[in-house]
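What follows is a single structure, written as structure tokens, with notes after it.
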Amino acid sequence: MYYEPNNSYFFYPYNRNNSYYKSKEIKTLRVDGTSNVKATPDTASIILGIQTENTDLETAQNENTIIATRVINSLKSIGINEESMNTDSYAIEPLYDYIDGKQTFKTYRVTNNIKVITMTINSIGTIVDTATANGVNIINNISFFLSNPTPYYRKTLNLAVEDALIRARSISNSLGVTLNETPINIVESRFDQPSSSARNPLVFAAASTPILPGQLNITAHITATFNYQ
413 MYYEPNNSYF FYPYNRNNSY YKSKEIKTLR VDGTSNVKAT PDTASIILGI QTENTDLETA
473 QNENTIIATR VINSLKSIGI NEESMNTDSY AIEPLYDYID GKQTFKTYRV TNNIKVITMT
533 INSIGTIVDT ATANGVNIIN NISFFLSNPT PYYRKTLNLA VEDALIRARS ISNSLGVTLN
593 ETPINIVESR FDQPSSSARN PLVFAAASTP ILPGQLNITA HITATFNYQ
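The numbering used here runs 412 ahead of the 1-based position in the sequence shown.
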């Protein structure tokens, strides 16, 4: 007995040019989404440099140690606990003069950088003034950041997804196609902890040095892929 199926799925062999399959073919649309949220930093870090020089290395090291101890004790006296301070770097460097093309030893330079972290933003000016008054002669870096940026980044990420959806809607409307608004894939760009920095030499040596943290920009970038027909 001859059987002729009445279901078009079986009746038509697969062919990309077949109008039936063309009408059912799923297409994809890939768009980028971006968002930016501002946040006020709640944590600051500062690197305090102590630099000493002497033709005798041991003397240069001892002088540096004496100053570093004095600086640390002075910071403790204004409420900075020892756990908030650590040695960021310590370097010994011989310096030379070049006379008539010949290298001549000049002196030793010892540099001790102490990193201080505080969650009391408005204390940075006092830290700078106290440290410089007790022997710090280099301010390498002042950075402001968030102790916990995750909630802000999640908010920014949600807004970036919304931005991608708005863009996808706009494109699909322009093309006159039907968009499936649930993305089939989302790729998130790398997130870096936002921070703002101020690098300065000793321009800070005024009483109650004003240092303003400003605002941090938290940015999220995503790429979303949608189906449309």
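Every residue gets a Cβ at the ideal spot worked out from N, C-alpha and C, and that includes glycine.
- With 16 or more other Cβ atoms inside 10 Å of its own Cβ, residue 575 counts as buried.
- Here the alpha carbons of residue 625 and residue 641 stand approximately 50 angstroms from one another.
- A distance below 7 angstroms separates the beta carbons of residue 530 and residue 456.
- With fewer than 16 other CB atoms across the displayed protein chains lying within 10 angstroms of its CB, residue 510 is exposed.
- Excluding residues up to 5 positions away in sequence, 635 lie with their Cβ nearer than 6 angstroms to the Cβ of residue 599 in the same chain.
- Counting other Cβ atoms within 10 Å of its Cβ, residue 453 reaches 16 or more and is therefore classed as buried.
- Looking at the DSSP output, residue 588 bridges to nothing.
- Residue 473 has its alpha-carbon roughly 54 angstroms from the corresponding atom of residue 571.
- In the DSSP assignment, residue 505 falls within the beta strand (DSSP E) that extends over 497-511.
- Secondary structure note for residue 444: its beta strand (DSSP E) is the uninterrupted segment 439-451.
- For residue 629, DSSP records a beta bridge to 450.
- In the DSSP assignment, the residues bridged to residue 515 are 510.
- Taken through DSSP and simplified to helix, strand or coil, residue 493 comes out as coil.
- Between residue 564 and residue 582, the alpha-carbon positions lie close to 27 angstroms from each other.
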